[in-house]
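Residue numbers (full-length UniProt numbering): 1 to 452.
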C-alpha cells in the first residue's frame with residue numbers, strides 16, 4: 001500500500017518512533033515527538049544504507065518520490081546516492097565561492113611559470129581594468145556569453161580593438177580551466193569561443209606602425225622631449241629609442257642590470273657601459289628563459305649613458321628604472337609611452353608611431369645604411385642588437401655570436417644614437433637640471449613621489 005498526502009499529514013505522535021512505508025524503499029519516519037522525515041533505505045555493495053530527503057511537510061510526497069527516483073538512477077549507474085549527493089552539495093558550495101576573479105587568479109598562477117613577469121602583469125592589469133568590474137565578483141557558473149560580450153564591447157568603444165580580442169582569449173582561458181573543474185558548462189566555453197566572430201575586425205593597416213626616416217625620428221623625439229608627459233615617460237621613450245629593446249623589457253628594467261657607469265660623475269666617459277638583461281625577461285621560448293646564456297647585453301651609447309644619469313636622478317633610490325606612479329614596487333604602465341605617443345602634438349602621430357616602432361625604425365635605417373655602404377654582414381649585427389634568436393639556435397651558438405660581435409654591436413648602437421639624437425637637447429633638460437650639476441642624488445631625485 002502506497003502513502004497518500006493525507007496519510008502523511010495525519011500521521012500523529014504515538015509516544016514511540018514508527019514508519020509509514022510508501023514504495024521501493026521510501027518511507028515516512030515519525031518520531032515519538034511527532035517530527036516527520038522522508039527516508040530511503042537501499043543497499044550499496046554489501047551494506048544496507050539510509051538516506052534522508054528532508055522533513056515533511058517542507059518536502060512533500062511528490063518531491064520525496066522524485067528524490068527517491070533520482071537516487072535509484074544513481075544506483076543503476078553504480079553510484080552510492082549518499083556519496084554522490086554529498087559530492088554535488090560540496091560542488092555547489094565550491095561553485096558559489098568560485099568567482100570569476102578567484103578562478104582568474106588560479107589561472108594566472110598556472111601561467112606565470114610560462115610567461116615573463118611583464119606579460120603576467122600586463123594580462124592581469126587588462127583583466128583588472130576591463131573584466132573584474134563587470135563580472136569579476138560573480139560565480140563563474142553564473143556567467144553567460146552575453147555578459148562577456150558586453151564587457152568586450154566596452155573595450156571596443158574606446159577604440160581598443162586588438163585589446164578586446166586579447167581579453168576575450170584571457171577570459172576563454174579562465175573558463176576552459178573552470179570547465180575542467182566542472183564549474184561551467186561546455187556550452188558556455190563554446191559560446192565564448194564563438195564571440196570572436198561578433199567582435200569588430202581590426203582596422204586595415206600596419207599593426208606596429210613606425211616612422212623610418214631619420215629626420216622624422218629626430219623631430220618625433222624632439223616633440224616627445226617638449227611634451228607635457230611626465231619626465232619619467234619622456235626619458236623612457238628616449239632610452240627605448242637608443243636601446244631598441246622591447247617595451248616590456250624597458251618597463252621592467254632594474255638598476256642592478258646597468259654596469260660600467262660611474263654615477264658620481266656624469267661627465268666621465270663610460271666606454272664599457274652595458275645593460276645586462278637576464279634571459280627570464282626576454283621574449284624567448286620557455287625553456288630558454290631558464291638558461292642565462294640567452295640573456296641580452298645592450299652596449300650603451302654615450303647618449304644612452306646621459307639618459308640613464310637623468311633617469312637616475314629621478315628614480316635612483318628605487319629598484320626599477322621606471323616604477324609605477326602608484327607604487328614603486330611595480331613597473332610603469334604598459335600604456336604610458338603609447339598613450340604619450342597617441343596624444344603627442346594633437347594626436348598627429350596616432351597610427352603612425354608606436355613604442356615598438358623604434359625597433360622597426362632601427363632595423364630599417366641600419367639595413368638601408370648597410371646596403372648603401374655595401375656591408376652585407378651588418379644584417380647579423382642588426383639581428384643581434386634586436387635579440388632575434390633564430391629558432392633552433394643552441395645556447396653555445398648564441399653565446400659565441402654574442403661575444404664575437406659585441407664590438408660591432410656597440411659601434412652600431414653608437415652610430416644609431418648619433419643619427420637619431422642629432423640636435424636634441426641634453427636629457428637633463430627634461431628633468432630641469434643644469435648639465436653642469438653632478439652627483440647621483442641631485443635635486444631632481446624628489447621630483448617623483450610614490451606611495452610605499
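C-beta: ideal position from N, C-alpha, C; glycine also.
Q.
Here's a check: name, in chain order, each residue in its chain whose Cβ is nearer than 7 Å to the Cβ of residue 211, leaving out the five neighbours to either side.
A. For residue 211, where only same-chain residues beyond five positions count, the Cβ hits under 7 Å are 217, 220, 352, 353, 357 and 361.
**Q.** 8 Å contact criterion, which residue 126 and residue 186 should meet: CB distance rounded
**A.** Rounded, the Cβ-Cβ distance is 26 Å, inconsistent with contact.
Q) Ordered along the chain, which non-local residues of its own chain (more than five positions away) have a Cβ less than 6 Å from that of residue 18? A) 30
Q.
Using the three-state DSSP reduction, which class does residue 296 fall into: helix, strand or coil?
A. strand
Q.
Let's test the definition: count the other Cβ atoms within 10 Å of the Cβ of residue 182 and tell me whether it reaches 16, buried, or not, exposed.
A. exposed
Q: Tell me whether residue 5 is buried or exposed, calling it buried when 16 or more other Cβ atoms sit within 10 Å of its Cβ.
A: Counting the other Cβ atoms within 10 Å of the Cβ of residue 5 gives fewer than 16, which makes it exposed.
(Q) For residue 435, which residues in the same chain have their Cβ closer than 7 Å to its Cβ, ignoring the five residues on either side in sequence? (A) Confidence at residue 435 is low in this model, with a pLDDT of 42, below 50, so its placement is unreliable and the value that follows should be read with caution. So the list reads 426 and 428, once near-sequence residues are dropped.
Q.
DSSP three-state label for residue 54, please.
A. strand
Q. Between which two residues does the alpha helix (DSSP H) harbouring residue 30 extend?
A. Per DSSP, residue 30 is not a residue of any alpha helix (DSSP H); the beta strand (DSSP E) it occupies stretches across 26–30.
Q: Could you tell me whether the Cβ atoms of residue 104 and residue 124 are closer together than 9 Å?
A: yes
Q) residue 71 and residue 44 look like a contact to me (Cβ under 8 Å); what is the Cβ gap, rounded to whole Å? A) Contact doesn't hold; Cβ gap of about 10 Å is too wide.
Q. Assuming residue 134 contacts residue 151 under a Cβ cut-off of 8 Å, what Cβ separation, rounded to an integer in Å, is found between them?
A. Contact between residue 134 and residue 151 holds: CB atoms are separated by about 4 Å, below the 8 Å threshold.
Q) What is the DSSP secondary structure of residue 160, counted as helix, strand or coil? A) Note: residue 160 maps to coil in three-state DSSP.
Q: Please specify which runs of the alpha helix (DSSP H), each continuous and at least 4 residues long, are wholly inside the segment 336–404, giving them in chain order.
A: 336–343, 357–372, 378–385 and 395–404
Q: Compute the Euclidean distance between the alpha carbons of residue 438 and residue 265, then round it to the nearest angstrom.
A: Its pLDDT being 34, under 50, residue 438 is placed unreliably in this model, and the value from its coordinates should be taken loosely. One C-alpha to the other measures close to 6 Å.
Q: Would you mind reading off the limits of the alpha helix (DSSP H) that contains residue 275?
A: Per DSSP, residue 275 belongs to no alpha helix (DSSP H); it is in the beta strand (DSSP E), 274–277.
Q) Who are the Cβ neighbours of residue 82 in its own chain at under 7 Å, not counting the five residues just before and after it? A) 49 and 51
Q. Is residue 329 helix, strand or coil when you go by DSSP?
A. coil
**Q.** Where residue 40 falls: helix, strand or coil (DSSP)
**A.** strand
(Q) My output table needs one value for residue 16: the three-state DSSP class, helix, strand or coil. (A) coil
Q.
Here's a check: name, in chain order, each residue in its chain whose Cβ is nearer than 7 Å to the Cβ of residue 244, leaving out the five neighbours to either side.
A. 358, 359, 362, 385 and 386
Q: Going by DSSP, name the residue or residues bridged to residue 99.
A: The partner list for residue 99 (beta bridge, DSSP) reads 139.
Q: Consult DSSP for residue 253 and reduce its assignment to one of helix, strand or coil.
A: coil
Q. For residue 443, does the count of other Cβ atoms within 10 angstroms reach 16, so buried, or fall short, so exposed?
A. Low local confidence applies: a pLDDT of 38 at residue 443 is under 50, so the model's placement there is unreliable, with the coordinate-based value given in what follows. Exposed.
Q) Considering only C-alpha positions, which residue in the set 87, 282 and 224 is nearest to residue 250? A) 282
**Q.** DSSP-derived helix/strand/coil call for residue 46
**A.** coil
Q) In this structure, what does DSSP give as the bridge partners for residue 259? A) Partner residues in the beta bridge of residue 259, as assigned by DSSP, are 274.
**Q.** residue 320 - partner residues in DSSP beta bridges
**A.** 254
Q. Cβ of residue 274 within 8 Å of any heavy atom in the ligand GDP?
A. This structure lacks the ligand GDP, and indeed carries no ligand of any kind.
Q: In angstroms with no decimal places, state the Cα-to-Cα distance between residue 405 and residue 417.
A: 18 Å
(Q) Can you tell me which residues form a DSSP beta bridge with residue 21? (A) 27
Q. Short check: CB of residue 161 to CB of residue 130, under 9 Å?
A. No, they are not a contact pair.
(Q) Give me, in chain order, the residues of the same chain whose beta-carbon lies closer than 6 Å to that of residue 311; leave out the 5 immediate sequence neighbours on both sides. (A) 235 and 321
Q: Consult DSSP for residue 222 and reduce its assignment to one of helix, strand or coil.
A: helix
Q: Assuming residue 138 contacts residue 99 (C-beta within less than 8 Å), just tell me the rounded distance between them.
A: Yes, residue 138 and residue 99 are in contact; Cβ-Cβ is about 6 Å, under 8 Å.
Q: Give the secondary structure of residue 5 by DSSP, where H, G and I count as helix, E and B as strand, and everything else as coil.
A: helix
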